[in-house]
Amino acid sequence: MFKNKKGLWGVLFLLLLIVLDFFWAFLPFPGTYGPIKDPIPIMGHRGAGELAPENTNPAIDSALAYDVQLIEIDVQRTIDNVIILMHDETVDRTTNGKGKVKELTWDYIKDLEAGTDFVPKPSGVRVPTLKSALLNLKQKSTTARLVIEVKDPDEFPGIGKEIIALIDTLDMKNQAMVISFDIDFIKQLHVVDKDLQLGCLYTIPPKSTAEELAFAKVVSVLWVGGSVFFGRVKKIQKRGVEVWAWTVNPLRRMKRLHKRGFDGIVTDYPNRPYMGK
Ligand code: G3P
Ligand code: CA
0 MFKNKKGLWG VLFLLLLIVL DFFWAFLPFP GTYGPIKDPI PIMGHRGAGE LAPENTNPAI
60 DSALAYDVQL IEIDVQRTID NVIILMHDET VDRTTNGKGK VKELTWDYIK DLEAGTDFVP
120 KPSGVRVPTL KSALLNLKQK STTARLVIEV KDPDEFPGIG KEIIALIDTL DMKNQAMVIS
180 FDIDFIKQLH VVDKDLQLGC LYTIPPKSTA EELAFAKVVS VLWVGGSVFF GRVKKIQKRG
240 VEVWAWTVNP LRRMKRLHKR GFDGIVTDYP NRPYMGK
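Residue numbers (numbering that gives the first Met the number 0): 0 to 276.
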């Protein structure tokens, strides 16, 4: 597997860094907690997926309660072309229903209990449509932005144009951004609409020569990938693109990544910087 000993030592060194980081993030060293002095820019993950059932309007409300200005959610599309908030391909994990979203009707999904995986188990929470999530946001904030992650766009032909049309109909271009791991999809959206804010997701930051950096507003990287390839993070930022780290839940890790130079932190716990723990 390793061509030489250097490669092996390199991998072992990285593993050691990750283990040390884990302990640094979780062990209660005295005196290291406390409310932050400089606010850390926060993007709520799946709304605020540990404060309320993920990808629901209550999760968006929880992020707004902490004045979060970027609120990430995931979307899929039903068989009858309704775009809904759902992370997984199926409704199985987060609702009391069963089946693949793309094979289910909205009529079936709209009556499901959402948040069945959340503790404490909520009652009466429903799976929102993207439209209802956008309207909910618009009603409660004039500045916060819904960051719409499109999962597997190849599975949903035309979904990009449908999202753009919805944003335009609701007159919410200044309160929306579309992101995806599928960089070709993001490039296509840019061709369709040059004014829509777009973001690209990666596990490891791309080279600073990547074409999409010419128009992406945000690059969001897995925090480990971004930490190891931090040189790339700096180069991307030099091109004027913000680099955010996902998904970071321990406060100490949020603080460290922010201090190191990430523009913002994607987290399930937007409350932690406020509470200081
Ligand atoms: O913001 C990036 C992050 O949401 C990607 O991971 O699986 O939670 O969608 P996932
Ligand atoms: Ca996501």
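Beta carbons are placed, not taken as given, at the ideal position from N, Cα and C, and that holds for glycine.
Counting C-beta neighbours from all protein chains within 10 Å, is the total for Phe344 16 or more, i.e. buried, or is it exposed?
With the chain running from 0 to 276 in the structure shown, residue 344 is simply not present.
In this structure, how does DSSP classify Met171 when only helix, strand and coil are distinguished?
In this structure, Met171 counts as coil in the three-state DSSP scheme.
Taking the runs of the beta strand (DSSP E) that are 3 residues or longer, which of them lie wholly in the stretch 103–171?
The qualifying runs are 144–149.
Quick check: is any heavy atom of ligand 2 less than 8 Å from the C-beta of Asp73?
Yes, since a heavy atom of ligand 2 falls inside the 8 Å radius drawn around the Cβ of Asp73.
Using CA coordinates, which residue listed in Val190, Lys139, Ile78 is at the minimum distance from Ile70?
Comparing Cα-Cα distances from Ile70 to each of Val190, Lys139, Ile78, the minimum goes to Lys139.
For the candidate residues Asn80, Ile72, Glu88, Ala47, whose alpha-carbon lies nearest to that of Asp66?
Proximity to Asp66 across Asn80, Ile72, Glu88, Ala47 peaks at Ala47, based on C-alpha coordinates.
Specify the secondary structure class of Lys186 as computed by DSSP and reduced to three states.
In the structure shown, Lys186 sits in a helix (DSSP, three-state: H, G or I).
Can you check which of these residues, Lys160, His189, Leu136, is closest to Asn54 by C-alpha distance?
Among Lys160, His189, Leu136, the Cα nearest to that of Asn54 is on Leu136.
Residue closest to Lys99, alpha-carbon to alpha-carbon, out of Met85, Thr128, Asp110:
In this structure, Met85 is the residue among Met85, Thr128, Asp110 with its C-alpha nearest to the C-alpha of Lys99.
Assign Gln236 to one of three DSSP states: helix, strand, or coil.
Looking at Gln236 - three-state DSSP - the assignment turns out to be helix.
Under three-state DSSP, which class holds Lys99?
Note: Lys99 maps to strand in three-state DSSP.
Pop quiz: Leu83 and Leu111 are said to be a contact at Cβ under 8 Å. What is the actual Cβ separation, rounded to whole angstroms?
For clarity, residue 83 is Ile in the given sequence; the question names Leu instead. Between Ile83 and Leu111 the beta-carbon gap is near 10 Å, outside 8 Å, which marks them as no contact.
Which whole-angstrom value is the C-beta distance of Ile147 and Met176, which I expect to be below 8 Å?
With 8 Å as the limit, Ile147 and Met176 qualify as a contact, their Cβ atoms being about 7 Å apart.
Compute the distance between the beta-carbons of Val217 and Asp262, then report whether it is under 9 Å.
Pairing Val217 with Asp262 gives a Cβ-Cβ distance under 9 Å.
Look at Arg294 and Asp116 and say whether their C-beta atoms are less than 9 Å apart.
The structure shown does not extend to residue 294, since the chain is modelled only from 0 to 276, so the question has no answer here.
Less than 8 Å separating the Cβ of His86 from some heavy atom of ligand 2?
Checking the Cβ of His86 against ligand 2 gives yes.
Alpha-carbon spacing of Leu200 relative to Gly224, whole angstroms
Those two C-alpha atoms are separated by around 12 Å.
With burial defined as no fewer than 16 other Cβ atoms inside 10 Å of the residue's Cβ, what is the status of Ile178: buried or exposed?
Burial call: buried.
Please look up how many angstroms separate the CB atoms of Val124 and Pro204, rounded, as I've assumed it's under 8 Å.
About 36 Å separates the two Cβ atoms, so there is no contact after all.
Per DSSP, what kind of secondary structure is Leu200 in: helix, strand or coil?
Shown here, Leu200 sits in a strand according to DSSP, grouped into three states.
When the distance is taken between beta carbons, is Phe229 closer than 9 Å to Lys252?
Inspection of the sequence shows that residue 252 is occupied by Arg rather than by Lys. Judged by their CB atoms, Arg252 and Phe229 are not nearer to each other than the 9 Å cut-off.
In whole angstroms, give me the CA-to-CA distance for Leu13 and Val242.
When rounded, the distance between both Cα atoms is 21 Å.
Spatially closest choice to Pro269 from Gly96, Ile162, Val247, by CA coordinates:
Taking Pro269 as reference, the option from Gly96, Ile162, Val247 with the minimal CA-CA separation is Val247.
For Leu16, which of Phe214, Ala213, Trp222, Ile72 has the nearest alpha-carbon?
Closest option to Leu16, Cα to Cα, is Trp222.
What is the rounded straight-line gap between the Cα of Met274 and the Cα of Ile78?
If I take the Cα positions, the gap works out to 42 Å.
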